[in-house]
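Here the structure comes first, spelled out in structure tokens, and everything after it is commentary.
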């Protein structure tokens, strides 16, 4: 397997906010509540890209059934 395909891609809080079109504070709230998984690196957070995709799918599915 290719080495780059095995590596996880991580996004900054700013990048996540851009993808979701929300404020950085909203992303921090999601991280602190545990709704969005992330890793703390020093004083900042990193969110695995696949975790963000899973969260967005889960939220989209929940909002469509409600």
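In the numbering used here, the protein residues as written are 14 to 79. By construction, the Cβ of each residue, glycine as well, lies at the ideal position given by its N, Cα and C atoms. All values derive from a computational prediction rather than experimental measurement.
Judged by DSSP secondary structure, residue 54 falls outside any alpha helix (DSSP H) and instead within the beta strand (DSSP E) spanning 52-54. Apart from sequence neighbours up to five positions away, the residues of its chain that approach residue 37 with a beta-carbon distance below 7 Å are 26, 27 and 30, ordered along the chain. Going by beta carbons, residue 62 and residue 22 fall inside the 8 Å limit. Residue pairing from DSSP leaves residue 40 without any beta-bridge partner.
Apart from the 5 residues on each side of it in sequence, residue 77 has no Cβ closer than 6 Å to any other Cβ in its chain.
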